Structures are given as C-alpha cells and as structure tokens.
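Colleague: Residue numbers (the working numbering): 53 to 324.
C-beta: ideal position from N, C-alpha, C; glycine also.
Note that this is a predicted model, so its numbers are computed, not measured.
#1: Please report the distance separating the alpha-carbon of residue 110 from that of residue 132.
#2: Enumerate, from N- to C-terminal direction, the unbroken alpha helix (DSSP H) stretches of 4 or more residues contained entirely within the stretch 130-174.
#3: What span of residues does the alpha helix (DSSP H) with residue 46 cover, start to end?
#4: Counting pairs of beta carbons, one from the stretch 205-213 and one from the stretch 264-280, are three or more of them closer than 8 Å?
#5: Tell me whether the stretch 217-227 and the stretch 185-196 touch, counting them as touching only if at least three CB pairs, one residue from each stretch, are closer than 8 Å.
#6: Name the DSSP bridge partner or partners of residue 264?
#7: Closest by CA to residue 99, which one among 78, 128, 177, 83?
#8: Once DSSP output is grouped into helix, strand and coil, what is the label at residue 191?
#9: Could you check what DSSP says for residue 238 in three-state terms: helix, strand or coil?
#10: First and last residue of the alpha helix (DSSP H) that includes residue 254?
#11: Taking the continuous beta strand (DSSP E) assigned at residue 289, which residues delimit it?
#12: Compute the Euclidean distance between the alpha carbons of residue 192 and residue 169, then round it to the nearest angstrom.
#13: Could you give the C-beta distance for residue 295 and residue 264, rounded to a whole number, given that I count them as a contact under 8 Å?
#14: Here's the rule I'm using: 16 or more other beta-carbon atoms within 10 Å means buried, otherwise exposed. How should residue 233 be labelled?
#15: Go ahead and label residue 254 buried or exposed: buried means 16 or more other beta carbons lie within 10 angstroms of its beta carbon, across all protein chains shown.
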C-alpha cells in the first residue's frame with residue numbers, strides 16, 4: 053500500500069491508503085474511493101486540477117473517474133465554478149450504516165436513560181483503524197454544550213473514549229503509533245506517550261477514563277468502555293460538557309451513572 057498524504061483547504065492533514073501495487077485490488081475503484089475520501093475531507097469544493105495535484109494523478113484520469121462518480125450520484129459538480137463536492141448520497145449511506153451498527157442498536161435505549169438522568173451530552177464511540185469514531189450522540193438540552201458530530205474521527209491518545217477503549221486493546225502501542233500518524237501533536241497540546249501507557253492500568257482499575265482541556269479546550273469528558281465477552285472494548289459511552297459544570301458532586305454522579313450504564317449495555321448485549 054502506498055500512503056498518499058494530502059493537504060485539504062481547512063489545513064487539516066490526512067492520509068489516504070491507495071493500493072497501487074496490490075494485484076488483488078481494482079485500481080480504478082481504488083482511485084474513485086480515494087477521490088471520495090479527499091472530497092469528504094475537504095472543507096470546500098475542489099477543482100479538478102487540485103484533485104489531480106493532491107493525488108498525483110493525470111487530469112484525464114481524474115476527469116474520467118469523477119464523471120463516473122457523478123453518474124452514480126456520489127459527486128456533484130457546481131455549474132458555475134466547475135468545482136466538485138460529495139453528494140448527500142454518502143450521508144444517506146453512512147446514516148444507514150451507523151443505524152445498523154450493533155453497538156448503536158445495543159446502546160440506544162440505555163443512552164436515552166443516561167441522557168435524561170444527567171442532562172449532559174452523551175456520545176457512543178467505536179475504535180476504527182486507530183481512530184475514535186463517533187457513532188451516536190444525544191445533545192444536552194442546556195445552553196452550554198459540546199458535541200462531536202456522528203461520523204467525526206478523533207484521536208485515541210487525547211480523548212477519554214479513546215483511552216477507555218485503548219486500555220483493553222491487545223497491542224495498545226501499535227494503536228497509539230497509528231493514531232499519532234493520523235493525528236499529529238498540536239502546538240497547544242503535547243502528547244506524552246509514556247503518560248498515555250501509564251494511564252491504561254489506572255483506567256482498567258477504575259473502569260473509566262477522563263479528559264479535561266485536552267483535545268477540546270474548555271470541555272470535560274468521561275468515558276467508560278463497553279466490554280465484549282472476550283474482554284476487549286467493543287465500544288465506549290461518554291459524557292461531555294463545559295468545565296464550568298465540572299463540580300465534585302456532578303463528577304461523582306456522572307461516573308456512577310456512566311459505569312452503571314456501560315455495565316447494563318454489556319450485560320444485555322453479550323455478543324456485541
């Protein structure tokens with residue numbers, strides 16, 4: 053696999069896996085999927101020349117592939133600017149995938165109960181290719197709130213949900229290394245990998261992970277793993293909110309409710 057690095061207009065950095073040297077991979081399909089990933093990652097529609105440059109492909113090749121994606125309803129070309137953007141068909145398909153995810157089906161009723169009890173934002177996460185993927189969210193009714201949209205990908209090392217699941221991985225160092233490649237340290241947050249690994253034993257002992265002012269400044273987050281029958285974390289359920297509401301009394305109530313909820317989900321969905 054050749055890892056193709058690209059820069060998108062919102063100054064984020066990502067990595068696309070383009071299997072150019074694998075005989076078992078359909079190269080045309082791989083190029084089309086690569087273009088879709090680039091368009092989805094971009095905060096603005098892209099010109100054909102920009103797509104070709106960032107993926108290091110011939111313009112004629114890109115034009116032909118984009119034409120197929122347009123014909124199939126996955127990409128839209130703006131008539132005035134000529135730029136390309138993903139269509140809502142991707143959202144439709146993604147929503148169906150998320151809706152059918154076993155973790156979401158198992159956790160949904162218990163998330164509702166937790167949301168009503170605490171009045172804070174409740175999220176459900178899974179670990180996907182060394183990134184924390186937001187599967188579901190229930191937004192706090194309070195005016196000050198925080199939420200990552202379903203489909204958002206977050207780093208493993210700096211999020212409570214990431215560490216909660218990392219603590220039950222068979223090879224956490226490999227997961228951390230891959231996550232750091234996808235989410236490099238920021239100027240305002242230095243990642244201490246020794247601290248990350250040291251925290252995993254504590255997380256396993258107490259049953260939850262916590263993060264304050266880490267990946268999202270001004271936000272607290274607590275997450276508990278949802279353990280599968282084999283002992284790995286099939287998912288994580290988390291509660292987040294502004295640090296202004298992070299009192300000792302609230303903290304204790306959140307932890308107790310969160311641990312009870314994660315245990316109930318695991319107990320009632322043993323095949324998760």
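Modeller: For this structure:
#1: One alpha carbon belongs to residue 110, the other to residue 132, and they sit about 23 Å apart.
#2: Here the runs fully enclosed are 141-151, 154-170.
#3: The structure shown does not extend to residue 46, since the chain is modelled only from 53 through 324, so no value can be given for it.
#4: Look at the beta carbons and you see the stretch 205-213 touching the stretch 264-280: at least three pairs across the two are nearer than 8 Å.
#5: In short, these stretches do not touch, since the Cβ pair count stays below three.
#6: DSSP output for residue 264 lists 272 as bridge partner(s).
#7: Residue 99 has its Cα closest to that of 128, out of 78, 128, 177, 83.
#8: Looking at residue 191 - three-state DSSP - the assignment turns out to be coil, as it is neither helix nor strand.
#9: Note: residue 238 maps to strand in three-state DSSP.
#10: Taken as a continuous stretch (DSSP letters only), the alpha helix (DSSP H) holding residue 254 covers 245-258.
#11: Boundaries of the beta strand (DSSP E) around residue 289: 285-294.
#12: Using only the alpha carbons, I get a separation of about 11 Å.
#13: Contact flag correct, Cβ pair sits at about 6 Å.
#14: When all chains shown are included, residue 233 counts as exposed.
#15: The residue is exposed, with fewer than 16 neighbouring Cβ atoms inside 10 Å.
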